[in-house]
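The structure appears right after this line, and notes come after that.
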Amino acid sequence: MYYHGCRHLVQSDVQGFSKQSDGVPSDPRSARAMKVWAIMVLAMLLAACQPHDEVDEPSKPRLPVPVNVEFDPEGRPLPEVLASEQTLHRGNGEEPQTLDPHLAEGVPTANILRDLFEGLTTTAPDGRIVPGAAIHWDISRDGLTYTFYLDPAGTWSNGEPVTADDFVWSWRRVVDPNTAAAYGRMLAPVVNAEQIFSGELPPEELGVTALNESTFQVRLDDPTPYFLGLLTHPTTYPVHRESFETHGSAHVRPGNLISNGAYVLTDWQVRSRIELARNLHFRDADNVIIERVIYYPFEDENTEFNRFRAGDLQWTYQVPSSQFRWLERNLDEALMVAPWFGTYFFSFNLTREPFRDNLELRRALNLAIDREIITERVSQFGEIPTFNLIPPGLPDYEPPKPEYAEWTQEEREEEARRLYRQAGYSESDPLTVELRYNTSENHRKIAVAVAAMWKQTLGVRTRLVNEEFRVFLQNRAQRRVTQVFRAGWIGDYQDAFTFLELFHSGHGRNDAGYNNPRYDRLLEQIASERIPALRRNLMREAERMLLADQVILPTFIYVSKRLVDPRLKGWEENIMDYHLTRYMYLVRERGVEPEERTDEVDDEGGETGDGRRETDEQAGLRPINAFPVVFRLPSSVSPAIRRIATPC
Amino acid sequence: MLRYSLKRLASAVPTLFLLITVAFFLIRIAPGGPFDSERALPAEIEANLAAKYHLDEPLVMQYGRYIWQIVRLDFGPSFHYLDWTVNDLIIQGAPVSFTLGILALIMALVVGIPIGVWAAWRQNRPSDYTVMGVAMIGISIPNFVLAPLLILLFAITLGWLPAGGWEYSFSRMVLPVITLALPMIAYVARITRGSMIEVLHSSFIRTARAKGLPEKEVLINHALKPALLPVISYLGPAAAAILTGSVVVERIFTIPGIGSYFVQGALNRDYTLVMGVVILYGILIIVFNFLVDLLYAWLDPRIRYDDLESES
């Protein structure tokens with residue numbers, strides 16, 4: 001839990017010592033004995049820190065250096081640059097709730113499902129939408145009918161062909177209210193989907209048809225320009241009907257699960273590992289290089305980080321959020337940070353005092369926050385300060401910047417003070433407000449910073465309230481006790497609408513209680529608009545309206561952050577943070593041949609000249625499971641970078 | 649003895665029943681439900697989910713249904729891990745936790761008792777203080793500090809042992825077992841020392857020494873057995889606790905035991921899973937307390953349960 005535990009150790013131990021010592025039986029010599037103990041405890045603490053200090057130095061992570069990748073004319077990496085063992089160890093957040101693509105939710109589960117299954121479309125390494133199970137498609141002129149032509153090579157992992165009927169059956173299952181699909185609403189644009197959700201129509205009435213064995217047609221209620229993007233979502237994946245009907249809810253267990261993606265499920269140890277192997281029947285199996293992927297669930301980011309440092313993982317789900325400086329200094333080549341399709345914001349409860357009908361106050365609080373301090377000093381990983389709801393980076397949407405985004409922070413604070421006075425508050429009669437967030441160290445730090453800025457600029461008195469996640473969600477939804485609360489949203493599909501729809505007066509997650517008929521009407525117009533440019537303008541107008549009404553207090557754009565072994569290639573950063581294993585491959589480490597290796601060790605020993613290389617030599621003799629490879633920093637890395645900040 | 653055992657067994661049933669009842673209603677008092685998430689579900693879907701897991705029924709009916717399930721040893725489906733039943737999860741996790749727990753328990757006894765005996769024998773000398781001082785530190789260092797330090801030293805720096813993960817192999821079990829056992833060693837040593845000192849001052853030890861028996865024999869053959877009684881009573885609940893896993897150790901070493909189900913299950917409002925592990929824990933506590941009482945009778949000839957009964 002605490003990786004750099006020395007400070008904690010000192011504090012908690014001294015406390016523990018005094019507490020425990022109360023119970024020591026009284027003895028004439030106990031005062032002296034106490035002293036002896038106190039000294040011993042201190043000595044132990046020092047000893048505990050000492051090896052920590054010393055050991056941290058040589059344990060400075062040594063990353064493997066990959067050979068240069070060369071490609072054949074078809075763009076595939078040459079066999080001689082590839083590592084002999086193509087097994088990828090991926091750290092992956094929490095244990096999946098289920099591997100049934102129709103019931104699943106959560107990013108970690110989706111990562112696995114994208115390897116196991118394939119939708120009609122899929123994503124390229126850079127996040128572009130490319131043909132998946134459907135090799136191509138036609139869109140009718142009115143944008144309401146999509147006809148998908150399935151790839152004739154598409155097969156289930158048992159060798160049966162993937163047919164249009166598989167999709168018809170699967171999609172009906174998704175909208176069937178008895179399935180209770182967590183993301184069933186992804187198919188809401190399809191004809192009759194809404195009525196089927198609410199039980200008015202049977203699932204058979206869904207607007208999908210199998211024109212023939214390999215042609216699948218979908219009819220939509222409204223033109224949905226992001227529809228092709230929705231098809232990369234697990235909820236739209238096909239599920240093998242026969243195995244579901246045979247095994248029921250156990251159809252996703254290893255041995256039962258039949259999938260159509262690049263990998264098949266071979267082993268699943270709950271909360272330990274999920275193992276996939278290359279699906280030989282996959283339509284593009286020849287181009288899949290990684291033979292095995294093992295997903296490890298982690299409940300704790302520091303644990304995952306330790307496993308990466310020990311060389312057990314080549315890809316992590318996240319990084320310890322408080323360790324940016326250390327990571328930047330020591331693991332720069334492995335640390336991958338990229339903008340993500342999500343926004344961190346706070347939201348006002350518009351249905352209660354003090355924010356109800358109080359635009360000036362909401363605006364004052366919004367302007368009083370210095371976002372750069374939050375991203376640079378608090379969140380630290382290069383998050384992007386923002387005044388908008390929708391993250392930048394969408395190909396066809398430019399978020400409208402409110403005018404105060406261009407001001408200096410001083411101007412914003414000046415204006416905030418003016419508005420604050422206008423709203424009827426002053427130094428002598430300050431606002432007292434509750435800022436609510438769900439329990440997490442990161443959220444706490446950000447909330448503290450926000451409260452401090454409000455205090456400093458406006459004199460607002462903030463009470464911080466942290467709540468366990470489900471209590472927090474319930475309080476937010478009830479809108480009875482909340483005033484300002486943390487929110488945040490990661491887009492489900494590549495379109496601005498995934499953010500805008502949250503504030504429709506009827507949306508289930510509209511916890512702000514925003515109820516603006518004009519905004520609702522705009523959303524409906526967006527849904528039915530066929531011309532992209534007009535639709536874009538409507539969306540910009542909706543976002544502008546939402547920001548002008550000061551419903552939320554946008555803070556920053558999330559970044560995805562992880563550690564990646566430099567030998568892992570074939571993946572690219574993308575805004576959706578989708579990384580399919582089928583594109584990845586492991587390349588050889590530079591100089592792994594025995595003769596070369598001896599040379600290199602000698603060289604490096606000479607270079608650094610600090611005698612630490614001996615430890616590295618021994619490292620080569622370690623038990624295999626401790627260190628599968630000899631990690632080594634490139635000699636170009638300066639000794640200064642090699643040093644490590646010691647926590648003690 | 650048999651009569652006593654049967655009587656204890658009979659009294660275990662209402663205890664468990666009470667435990668199940670209290671736990672059942674307590675977890676349902678917690679705000680929020682198992683299917684709440686940041687994404688809002690359509691009302692119809694939510695209603696269907698509730699119906700599927702019988703959450704729409706009155707609480708008393710749910711309770712009755714649950715009791716009937718328990719009687720058939722079916723803990724029901726997990727509300728969070730949708731692909732598994734609670735039985736599946738416990739069957740997968742319990743052997744892992746049991747293995748680690750038993751090893752830690754053995755280590756605690758094998759190391760802790762000799763240390764305690766030795767410290768008692770050298771009472772109030774520097775060696776006694778040293779050992780007991782170290783034991784105090786063992787008790788005071790929280791496992792969430794100890795475990796990362798062990799990983800840092802043995803896995804990352806020295807590279808002798810893996811940094812976590814689970815399989816039934818010596819190298820993967822060493823660090824978790826040490827983390828689990830260290831505080832226990834310290835407790836066992838302190839308790840042994842305390843009771844040993846008391847026993848060493850009693851008259852039968854004086855007699856033994858007066859007979860001219862060698863010190864080793866006095867310590868081990870005469871003093872140790874009665875001195876172990878408090879250790880045994882500590883071990884009852886401690887064993888049940890350690891066998892059901894530790895959420896901290898499981899988190900830090902990524903071990904798929906059942907310890908974190910107590911915490912994660914509650915956070916996820918996975919009602920059935922929490923009930924399952926709570927019942928398991930309850931059963932273990934009852935069993936170990938019973939074993940402790942049996943051991944008492946064996947260790948201390950003054951305690952005879954059947955006699956007590958016939959007297960009363």
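Just so you know, the sequences run in chain order A and B. Heads up: the first sequence is residues 1 to 648, going by my numbering. Heads up: the second sequence is residues 649 to 960, going by my numbering. Cβ coordinates follow ideal geometry from the N, Cα and C atoms, glycine included.
Counting C-beta pairs with one atom in each stretch, the segment 441-449 of chain A and the segment 373-382 of chain A have three or more that are closer than 8 Å, which means they touch. Going by C-alpha positions, A/Y226 is about 6 Å away from A/D495.
Looking at the DSSP output, A/F472 sits in no beta bridge, so it has no partner there. In terms of CA proximity to A/Y237, A/E118 leads the group A/G199, A/F148, A/R307 and A/E118. Among the residues of the segment 736-755 of chain B, those with a Cβ less than 9 Å away from any Cβ of chain A are D736, L737, Q740, G741 and V744, in the order of the chain. Residues of chain A with a Cβ closer than 8 Å to the Cβ of B/R899 are, in chain order, M1, E299, D300 and T303.
For A/G488, the CB contacts under 6 Å within the same chain, skipping 5 residues up- and downstream, are Y344 in chain order. Annotation: A/M539 to A/R518 spans about 13 Å, alpha carbon to alpha carbon. For A/D267, the three-state secondary structure derived from DSSP is strand.
Excluding sequence positions up to five before and after A/P320, its CB lies within less than 7 Å of the CB of Y3, E301, N302 and F305, all in the same chain and listed in chain order.
The C-alpha of A/V564 is placed about 20 Å away from the C-alpha of A/G591. Per DSSP, reduced to three states, the secondary structure at A/N510 is coil, with no helix or strand assignment.
Using beta-carbon distances, B/P878 does not count as an interface residue toward chain A, since no partner is under 9 Å. Looking at A/Y296, A/D267, A/L534 and A/I373, the one whose alpha-carbon comes closest to that of A/D396 is A/L534.
In the DSSP annotation of this structure, the continuous segment of the beta strand (DSSP E) that includes A/Y295 starts and ends at R292 to Y296. A/D176 and A/V208 have their alpha carbons spaced roughly 14 Å apart. A contact between stretches requires three or more CB pairs, one per stretch, nearer than 8 Å, and the segment 753-764 of chain B fails this requirement with the segment 276-291 of chain A.
In the structure shown, A/H89 falls within a strand segment according to DSSP collapsed to helix, strand and coil. Here DSSP, grouped into helix, strand and coil, assigns A/Q478 to helix. Judged by beta-carbon spacing, B/V922 lies within the 9 Å limit of B/I675, meaning their Cβ atoms are closer than that value. According to the DSSP assignment, A/I526 belongs to the alpha helix (DSSP H) that extends over P517 to S528. Counting only Cβ-Cβ distances below 8 Å, B/W732 has contacts in chain A at V270, in chain order. Taking C-beta separations shorter than 6 Å and ignoring five residues to either side along the sequence, the partners of B/D776 in its chain run A767 and R770, following chain order. Short of 8 Å from the beta carbon of A/P96, and not among the five residues preceding or following it, lie these beta carbons of its own chain, in chain order: A104, G106, P108, T109, I112, I274 and P297.
Its chain contains H102, T179 and V239 as the residues whose beta carbon lies nearer than 7 Å to that of A/R173, once the 5 sequence neighbours on both sides are disregarded; these appear in chain order. Here A/W489 is bridged, per DSSP, to A/T343. Under the DSSP definition of a beta bridge, A/Y149 partners with A/H136 and A/T215. Spanning the alpha carbons of A/R417 and A/G570 requires a straight line of approximately 51 Å.
Within the same chain, Cβ atoms closer than 8 Å to the Cβ of B/L737 are found at S726, Y729, I906, Y909, L921 and G924, the five residues on either side in sequence being excluded. Nearest CB-CB separation between A/F197 and chain B: below the 9 Å threshold. DSSP links A/Y585 through a beta bridge to A/K569. For A/W315, same chain residues with a beta-carbon under 6 Å away, outside a window of 5 residues either side, are R90 and V564 in chain order.
Under the three-state reduction of DSSP, A/L563 is assigned to strand. With its beta carbon less than 9 Å from one in chain B, A/E95 belongs to the interface. Separation of B/S851 and B/L721 (C-alpha to C-alpha, rounded to the nearest whole angstrom) is 52 Å.
Not flagged as an interface residue toward chain A: B/H849, since no C-beta distance is shorter than 9 Å.
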